[in-house]
Amino acid sequence: MNLSLSDKDQAFAADAKAFLDKHLTPDMREENAKGAGVWASFDLSLRWHKILYAEGRIAPSWPKEYGGNDWTLVERYIWDRECALAGAPRVPAMGLKMCGPVLMKYGTQEQKDTFLPRILSGEDFWCQGYSEPQAGSDLAALQCKAERDGDDYVVNGTKIWTTYAQYANWIFCLVRTSALDRPQKGISFLLIPMDLPGITFTPIITLAGDHEVNQVFFDNVRVPVKYLVGEEDDGWTVAKHLLEHERAGSYAAAMQRKLSHLKQISQEARNGETRLADDPVFSSRLAQANIDVTAIDITEQRLLQSMSNGSSVPAGPSFLKLRGTEATQQLDELLMDAIGHYSSPDYLAAREDRANWIPGPDHAIPIVGTYFNNRAATVYGGSSEVQRNIMSKLLFQL
């Protein structure tokens, strides 16, 4: 199988690199490198969002009729790869890659006309209301209720692990509108303004020390029926479409950047009198990590080529999510071992902009927070157990 890029795609990659060199300033790269969250900090991501919007690159996968680029699968892959290699901020996906595609497929014309332009411009910032305290991986067990009362739904319940709810002005929610024979039935997809009376949230501070996620509470919140997406009680269909976009993505480029950083640190760090790069145990683990990242990179390109040729790869996103998150955690563990006792200090203050005190080498600043934050990577977006179940069903009919 030929995995090399065509002349046209190589030119596209060169253009992407040139764009990033021009618009991704050193201070943005530095600030992003200090982050430990899944997405860039809100202020940084919004700044980068506005640049991409102004330059017409904010929505690579959206059709042109909705203001997107309508890039091919290969072009989107190249763009994501170049952004990851350049250390560009990751713009939160809740609006652009989740809610937006759902509205294009299931939204009314009024909903499309209202929300899609505001998602593109960054005027509306969305958060995702899926998980609940008793309904995470088993999402069909959700209990947040929406009862019809005239032209409104009255919503009561809670959502948890809600990323950046403290900044969002809209939340898309799965709510239970009836109790039918199967738990997947009776669920509806609802758009809710975050400034409605009865909505509150409680911060959840991560192990990394960041306020990235929240628990959101709904107490008799009245939501107009016009914000229902799709049919009432058929939200599970809408939810599955959204999850296809949430779980899709590439991992190899970000891991290659992390692996390069690890190799550089191992050349400088020492285990007693021995350079860490020359330690036989560490170098063996590093070699295995290099093999894993290369295998994931080749797998991504094989799947990309298959999809570009119109072939179906239904278990592909689950496989990449499983191996990508597990390999990421293994790299994080190696990085923690590489910085040794410098993993002990509290680096939260050092990750702040204009920090004037750093309890160790500069390269150690983001490693500890990233390690702790990525412990959840094999859980959010569909746990590893869920991904294995999906693969066993799709590949082996188990």
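Under our numbering, residues 241 to 638 are what the sequence shown spells out, in order.
A virtual CB, placed ideally from N, CA and C, is assigned to each residue, including glycine.
Is it the case that the CB of residue i approaches a heavy atom of the ligand MG more closely than 7 angstroms?
{"i": "E452", "result": "Ligands are entirely absent from the displayed structure, and the ligand MG is therefore not among its contents."}
Would DSSP call residue i helix, strand or coil?
{"i": "Y491", "result": "coil"}
{"i": "S548", "result": "helix"}
{"i": "Y407", "result": "coil"}
{"i": "W288", "result": "helix"}
{"i": "Q351", "result": "helix"}
{"i": "C367", "result": "strand"}
{"i": "S428", "result": "strand"}
{"i": "I298", "result": "coil"}
{"i": "E472", "result": "coil"}
{"i": "N530", "result": "helix"}
{"i": "A509", "result": "coil"}
{"i": "P303", "result": "coil"}
{"i": "L382", "result": "coil"}
{"i": "V415", "result": "strand"}
{"i": "T618", "result": "coil"}
{"i": "A280", "result": "coil"}
{"i": "P329", "result": "coil"}
{"i": "P357", "result": "helix"}
{"i": "A517", "result": "helix"}
{"i": "A448", "result": "coil"}
CA-CA distance, residue i and residue j?
{"i": "Q496", "j": "N460", "result": "48 angstroms"}
{"i": "N629", "j": "T402", "result": "25 angstroms"}
{"i": "E372", "j": "Q455", "result": "9 angstroms"}
{"i": "T354", "j": "W366", "result": "14 angstroms"}
{"i": "V395", "j": "S361", "result": "29 angstroms"}
{"i": "L431", "j": "I536", "result": "36 angstroms"}
{"i": "H289", "j": "E472", "result": "33 angstroms"}
{"i": "Q406", "j": "S246", "result": "44 angstroms"}
{"i": "R358", "j": "D364", "result": "5 angstroms"}
{"i": "F522", "j": "L516", "result": "7 angstroms"}
{"i": "I605", "j": "S490", "result": "25 angstroms"}
{"i": "G347", "j": "R388", "result": "19 angstroms"}
{"i": "S546", "j": "P433", "result": "40 angstroms"}
{"i": "S418", "j": "G426", "result": "4 angstroms"}
{"i": "K337", "j": "P520", "result": "43 angstroms"}
{"i": "A493", "j": "E322", "result": "8 angstroms"}
{"i": "G296", "j": "L638", "result": "45 angstroms"}
{"i": "K352", "j": "V465", "result": "16 angstroms"}
{"i": "Q541", "j": "G470", "result": "34 angstroms"}
{"i": "Y404", "j": "F282", "result": "8 angstroms"}
{"i": "Q528", "j": "A567", "result": "10 angstroms"}
{"i": "N614", "j": "G449", "result": "13 angstroms"}
{"i": "Y393", "j": "C384", "result": "12 angstroms"}
Among the options, which residue has its Cα nearest to the Cα of residue i?
{"i": "K480", "options": "M547, S546, S428 and I579", "result": "S428"}
{"i": "D320", "options": "N309, E573 and A256", "result": "A256"}
{"i": "A408", "options": "E452, S558, E513 and A419", "result": "E452"}
{"i": "G621", "options": "A333, D602, H501 and Q507", "result": "A333"}
{"i": "W279", "options": "G397, A324 and A299", "result": "A324"}
{"i": "I291", "options": "T312, T265, D310 and N272", "result": "T265"}
{"i": "L191", "options": "S301, G438, D518 and L482", "result": "The question about residue 191 has no answer, for the chain in this structure spans 241 to 638."}
{"i": "Q708", "options": "K385, T610 and S244", "result": "Absent from the structure is residue 708, since the part of the chain shown begins at 241 and ends at 638."}
{"i": "V315", "options": "F282, A258 and A251", "result": "The sequence shown places Glu at residue 315, not Val. Ranking the options by Cα distance to E315, first place goes to A251."}
{"i": "S558", "options": "L634, E305 and Q528", "result": "L634"}
{"i": "R563", "options": "T398, L574 and A617", "result": "A617"}
{"i": "N549", "options": "R591, P437, T312 and Y582", "result": "T312"}
{"i": "T193", "options": "Y582, P300, K399 and K274", "result": "Only positions 241 to 638 of the chain appear in this structure, which leaves residue 193 out of reach."}
Quick one: give me the first and last residue of the alpha helix (DSSP H) that residue i is part of.
{"i": "K399", "result": "Counting along the chain, K399 falls outside any alpha helix (DSSP H), though it belongs to the beta strand (DSSP E) covering D392 to I400."}
{"i": "E315", "result": "L313 to A326"}
{"i": "E625", "result": "S624 to F636"}
{"i": "R269", "result": "P266 to K274"}
{"i": "P224", "result": "Any property of residue 224 remains undetermined from this structure, which presents the chain solely from 241 to 638."}
{"i": "K561", "result": "G556 to I579"}
{"i": "K385", "result": "That residue, K385, is in no alpha helix (DSSP H); its beta strand (DSSP E) goes K385 to D389."}
{"i": "K257", "result": "D247 to H263"}
Assign residue i to buried or exposed, taking buried as 16 or more other Cβ atoms, counted over all protein chains shown, within 10 Å of its Cβ.
{"i": "E625", "result": "exposed"}
{"i": "D572", "result": "buried"}
{"i": "G390", "result": "exposed"}
{"i": "F636", "result": "exposed"}
{"i": "V331", "result": "buried"}
{"i": "V533", "result": "buried"}
{"i": "K561", "result": "buried"}
{"i": "S524", "result": "exposed"}
{"i": "A381", "result": "exposed"}
{"i": "I445", "result": "exposed"}
{"i": "Q368", "result": "buried"}
{"i": "L420", "result": "exposed"}
What first and last residue would you give for the beta strand (DSSP E) that runs through residue i?
{"i": "R462", "result": "H451 to P464"}
{"i": "P606", "result": "Element bounds for P606: not the beta strand (DSSP E) but the alpha helix (DSSP H), I605 to N613."}
{"i": "T442", "result": "I439 to I445"}
So that I know if they touch, is there some Cβ in chain D lying closer than 8 angstroms to that of residue i?
{"i": "T514", "result": "In the displayed structure, chain D is absent; only one protein chain is listed."}
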